[in-house]
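*Asks:* First the structure, then my questions, so here it is.
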Amino acid sequence: MTGWPWRAAAIGSAAILAVAIARAVVPTPNAGPAPRAALPPPPDTRLGINLSGLAPYNRQQVFANLIAQSEWFASSGQGWTAMPAAQLDRAGWVKALSPGQVAPRPLVLPAAPFDRVAVRCTYAGSGDLSAGGIARVTGQTRGVMDLELVSQGGTDEGAWIQLDRTDPADPVRAIDCRDRRLPASARFAPEFLASLRGFSAVRFLDWQLTNANRPVRWDRRTRTDDATQVAGDGVAIEDMVRLANEAQVDPWFLMPYKADAAYIEGFARLVHASLDPGRTVYVELGNEVWNDMFDATLQARREGLAAGLAPADDPNRAQTRRYAQKVRDAMRIWTRVFADRPARLVRVAATIHVYPEIAETMLAFEDLSRWIDALATAPYIQLDLAGRGAGDVDWVFAQLDGAVDAAIDAAVRNRAIAARYGKRYLTYEGGQHLVTRDLELARRVQRDPRMAAVYRRYLDAWRARVGDRMMLYASASPIGEAGAWGLVEYAGQTEADAPKLRAVRAFVARNR
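Throughout the sequence shown, residue numbering follows mature numbering (1 follows the signal peptide of the UniProt record, and there is no 0), covering -24 to -1, 1 to 488 in sequence.
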């Protein structure tokens, strides 16, 4: 058997899936025509990218260590279940196995296409490892297991290592499985670094597991030597900074909504100390704290109403004002930490794209405008596909020019609001927002060469009428019922087969 024993194991945490589902929940635009008041000429457009989550299924190998993007599972021969937390140590390594229990751990497959890759797994401690799926053990000595990944090109291929025995007095730990050609010092996969070519910034929404709205503590944050980078508060801050430095991109961080002042200050100081001082850091609080699908939005609503920030019959205003307060408090901390290089800090407040009046409510509240530099929205190309099927591809493309115009018109309105407050206008996400449960329709639309023309029209219109930072969503993810967000469906997909990526690369080449 080369596929996954339990497909859910390949998908990753429910929080990652919820991110995609929630992207389908966007209200229908209700704003009128774009304002006619004169605005300054659009600033230069610079493209950034939201990095997709680290689940194994999209073959987006980020880390050189092939297990960094997965977690332990438990198995007693009846499928895989989550490994009980009580069996893991502080860093996430298995302390002990129960009788009859083994612990599989997925490997992220290298970017396509590949037919075979030699992998060496090194580890500390005493125990026994084996492998499964398309991973075949080719040699083993104490502390070392050699594998060969042999791909047949199947879409449901999977590979994993398996902990069969571990000594509780000296548990197996510090496992590192990597392509034998990569040096031990390499933190990131070379193909992943190459995929960022042409982008000037990366947003870490899904790396930070922001939408899960988990409690966070500075002394419990993820570390680079932890067993996984997909638990707790997501990827280690040190790794996100290292990526920005190595890929020469500006980082866009999201402060967890539940973060206290100590966490935010620790985060800011770590970034200040380790980020290349020539890079600009973008900072945002939470994600879409207007979207009812997200727990942080509901929390902001409860807090705003409890504080009397709006009448009980106006919960949206209460939540918007509470968000404004939280943004201000977080940005005060970042402002203090970056007092020696304020031009390298962009403090962002985000709101819903299609309701510009909410931006007015937010920016006018208390002293928020003093503590931010930019307003950001998500100018998605939206189209209602309810009731449409695989035979409606031509209909979809006939509507998309109008959908592009609507997105850009709303962007101009938001830009005008930001300008009145002396702020930049940016996107935190952007691109197509075509969601349908008819997967055949989704595949035909997303793979149609006309999608490249839609993106070309969208990006050219943005450059001509709006400008500044456009953060596309997202890097690599497959087509599914919750959307088709990736510029590519899987890592390694060629531009010839990826019309969105092809258009983006062409735009970058034209506008260097």
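For glycine and all other residues, C-beta sits at the position ideal for the given N, C-alpha and C. Computed from a prediction, not measured in an experiment: that's the story for all the values here.
Going along the chain, which residues of its own chain have a beta-carbon closer than 6 angstroms to the beta-carbon of Phe373, five neighbours each way excluded?
*Replies:* For the purposes of this step, residue 373 is taken as residue 397 along the sequence shown, with counting starting at 1. Cβ within range, chain order: Arg426.
*Asks:* Could you compute how far the alpha carbon of Gly119 sits from the alpha carbon of Tyr99?
*Replies:* Residue 119 sits at position 143 when you count from the first residue of the sequence shown. Residue 99 sits at position 123 when you count from the first residue of the sequence shown. Each residue's Cα considered, the two are about 5 angstroms apart.
*Asks:* To the nearest angstrom, report how far apart Ala249 and Gly242 are at their CA atoms.
*Replies:* To locate residue 249, count along the sequence shown from 1; it is residue 273. To locate residue 242, count along the sequence shown from 1; it is residue 266. If you take the alpha carbons of Ala249 and Gly242, they lie about 11 angstroms apart.
*Asks:* Could you check the C-alpha separation between Val330 and Ile357 for me, to the nearest Å?
*Replies:* As a working note, residue 330 is residue 354 in the sequence shown. As a working note, residue 357 is residue 381 in the sequence shown. Their Cα atoms are separated by approximately 11 angstroms.
*Asks:* Cβ of Gly462 within 8 angstroms of Cβ of Val411?
*Replies:* The residue labelled residue 462 in the question sits at position 486 within the sequence shown. The residue labelled residue 411 in the question sits at position 435 within the sequence shown. No, the pair does not count as a contact, with Cβ atoms beyond the cut-off.
*Asks:* Suppose you measure from the CA of Ile309 to the CA of Ala325; what does that come to, to the nearest Å?
*Replies:* Taking the first residue of the sequence shown as 1, we reach residue 309 at position 333. Taking the first residue of the sequence shown as 1, we reach residue 325 at position 349. Computed Cα separation, rounded: 15 angstroms.
*Asks:* Look at the alpha carbon of Gly174 and the alpha carbon of Gly53, and state the distance between them as a whole number of angstroms.
*Replies:* Here the question's residue 174 lines up with position 198 in the sequence shown. Here the question's residue 53 lines up with position 77 in the sequence shown. Each residue's alpha carbon lies about 47 angstroms from the other.
*Asks:* Who pairs with Pro80 in a beta bridge, going by DSSP?
*Replies:* By 1-based counting over the sequence shown, the position of residue 80 is 104. Pro80 pairs with Gln138.
*Asks:* Checking the sheet assignment: what are the DSSP bridge partners for Ile357?
*Replies:* The count along the sequence shown starts at 1 and reaches residue 357 at position 381. Its beta-bridge partners are Gln408.
*Asks:* Applying the 10 Å Cβ sphere with the 16-neighbour rule, what's the burial state of Thr200?
*Replies:* For the purposes of this step, residue 200 is taken as residue 224 along the sequence shown, with counting starting at 1. That one is exposed.
*Asks:* Please name the residue or residues paired with Trp228 in a DSSP beta bridge.
*Replies:* Stepping through the sequence shown from its first residue, residue 228 is reached at position 252. DSSP lists Arg179 and Tyr258 as partners of Trp228.
*Asks:* Could you check the C-alpha separation between Glu279 and Ala288 for me, to the nearest Å?
*Replies:* Start at 1 with the first residue of the sequence shown, and residue 279 comes out as number 303. Start at 1 with the first residue of the sequence shown, and residue 288 comes out as number 312. Approximately 12 angstroms between the Cα atoms of the pair.
*Asks:* Let me know the secondary structure DSSP gives Tyr99 once reduced to three states.
*Replies:* Your numbering for residue 99 matches position 123 in the sequence shown. Three-state result, Tyr99: strand.
*Asks:* What residue range does the alpha helix (DSSP H) around Ile334 cover?
*Replies:* Your numbering for residue 334 matches position 358 in the sequence shown. It spans Pro332 to Leu339 - the alpha helix (DSSP H) in which Ile334 sits, taken as one unbroken run.
*Asks:* Note the first and the last residue of the continuous alpha helix (DSSP H) segment covering Gln295.
*Replies:* Position 319 of the sequence shown, counted from the first residue, corresponds to residue 295. Where Gln295 is concerned, the enclosing alpha helix (DSSP H) stretches over Pro291 to Val313.
*Asks:* Could you check if Pro3 is buried or exposed, using at least 16 other CB atoms within 10 Å of its CB as the buried criterion?
*Replies:* The residue you call residue 3 lines up with position 27 of the sequence shown. Confidence at Pro3 is low in this model, with a pLDDT of 48, below 50, so the placement of that residue should be treated as unreliable; the coordinate-derived value is given next. Burial call: exposed.
*Asks:* Within the present structure, is the beta-carbon of Leu376 separated from the nearest heavy atom of the ligand ATP by less than 7 angstroms?
*Replies:* The ligand ATP is absent from the structure shown, which contains no ligands of any kind.
*Asks:* Residues in the same chain with beta-carbon distance under 7 angstroms from Ala354, minus the five sequence neighbours each way, listed in chain order, please.
*Replies:* On the sequence shown, position 378 is the one that residue 354 refers to. Counting only Cβ-Cβ distances below 7 angstroms, and skipping sequence neighbours, we find His329, Thr403, Tyr404, Glu405 and Gly406.
*Asks:* Using CA coordinates, which residue listed in Tyr258, Leu64 and Arg297 is at the minimum distance from Pro318?
*Replies:* As a working mapping, residue 318 is identified with position 342 in the sequence shown. Answer by Cα proximity: Tyr258.
*Asks:* Going by Cα to Cα distance, which pick from Arg432, Trp194, Leu73 and Ile393 is closest to Pro475?
*Replies:* As a first step, residue 475 must be located in the sequence shown, where it is residue number 499. Comparing Cα-Cα distances from Pro475 to each of Arg432, Trp194, Leu73 and Ile393, the minimum goes to Arg432.
*Asks:* Please tell me whether Leu30 and Trp183 are closer than 8 angstroms, where the distance is taken between their beta carbons.
*Replies:* Position 54 of the sequence shown, counted from the start, is the residue given in the question as residue 30. Position 207 of the sequence shown, counted from the start, is the residue given in the question as residue 183. Yes, these two residues count as a Cβ contact at 8 angstroms.
*Asks:* Decide if Trp69 is buried, meaning its Cβ has at least 16 other Cβ atoms within 10 Å, or exposed.
*Replies:* Your numbering for residue 69 matches position 93 in the sequence shown. Trp69 is buried by the Cβ-count criterion.
*Asks:* For Ala212 and Thr198, which I take to be in contact (beta-carbon distance under 8 angstroms), what is that distance rounded to the nearest angstrom?
*Replies:* Here residue 212 refers to the residue found at position 236 of the sequence shown. Here residue 198 refers to the residue found at position 222 of the sequence shown. Correct: roughly 5 angstroms between the Cβ atoms.
*Asks:* List the residues that DSSP assigns as beta-bridge partners of Gly124.
*Replies:* One-based indexing of the sequence shown puts residue 124 at position 148. This sequence places Glu at residue 124; Gly is not what is there. Partner(s): Ala94 and Arg112.
*Asks:* Note the first and the last residue of the continuous beta strand (DSSP E) segment covering Ala150.
*Replies:* Along the sequence shown, read from residue 1 onward, the residue named residue 150 stands at position 174. Per DSSP, Ala150 belongs to the beta strand (DSSP E) from Arg149 to Asp155.
*Asks:* For the alpha helix (DSSP H) that contains Met216, what are its first and last residues?
*Replies:* Numbered from 1 along the sequence shown, position 240 holds the residue referred to as residue 216. Met216 -> alpha helix (DSSP H) spans Ile213 to Ala223.
*Asks:* On the three-pair Cβ rule with 8 angstroms, is the stretch 128 to 140 touching the stretch 14 to 31?
*Replies:* No contact exists between the stretch 128 to 140 and the stretch 14 to 31.
*Asks:* Can you give the Cα-Cα distance for Ile151 and Arg96, rounded to whole angstroms?
*Replies:* What you label residue 151 is simply residue 175 of the sequence shown in a count that begins at 1. What you label residue 96 is simply residue 120 of the sequence shown in a count that begins at 1. Spanning the two alpha carbons is a distance of roughly 10 angstroms.
*Asks:* Please state whether DSSP places Leu477 in a helix, a strand or coil.
*Replies:* Numbered from 1 along the sequence shown, position 501 holds the residue referred to as residue 477. Leu477 falls in the helix class under three-state DSSP.
*Asks:* Between which residues of its own chain and Thr204 is the CB-CB distance below 6 angstroms, once the five residues before and five after are set aside?
*Replies:* Within the sequence shown, the letter at position 228 stands for residue 204. If we look at Thr204 and ignore the five residues flanking it on each side, its Cβ neighbours are Glu47 and Gly68.
*Asks:* CB-CB under 7 angstroms to Leu181, same chain, minus the five flanking residues each way: which ones, in chain order?
*Replies:* Working through the sequence shown from its first residue, we reach residue 181 at position 205. Within the same chain, Leu181 has close Cβ partners Asn26, Leu230 and Asn263.
*Asks:* With Gly443 and Pro80 assumed to form a contact (beta carbons below 8 angstroms), what rounded beta-carbon distance in angstroms separates them?
*Replies:* By 1-based counting over the sequence shown, the position of residue 443 is 467. By 1-based counting over the sequence shown, the position of residue 80 is 104. Going by Cβ atoms, the distance from Gly443 to Pro80 rounds to 49 angstroms, so no, they are not a contact pair.
*Asks:* Report the option in Ala386, Gln295 and Gln408 whose CA atom is closest to the CA atom of Asp360.
*Replies:* In the sequence shown, residue 360 corresponds to position 384, counting from 1. The residue with the shortest Cα to Cα distance from Asp360 is Gln408.
*Asks:* Residues in the same chain with beta-carbon distance under 6 angstroms from Arg22, minus the five sequence neighbours each way, listed in chain order, please.
*Replies:* Numbered from its first residue, the sequence shown carries residue 22 at position 46. Excluding residues within five positions, the ones whose Cβ falls inside 6 angstroms are Ser176 and Arg445.
*Asks:* When we look at the beta-carbon of residue 489 and count the other beta-carbons within 10 Å, is it buried (16 or more) or exposed?
*Replies:* Since the first residue of the chain shown is -24 and the last is 488, residue 489 is not available in this structure.
*Asks:* Would you identify the three-state DSSP class for Gly462, choosing helix, strand or coil?
*Replies:* Within the sequence shown, residue 462 is the residue found at index 486, counting from 1. Looking at Gly462 - three-state DSSP - the assignment turns out to be coil, as it is neither helix nor strand.
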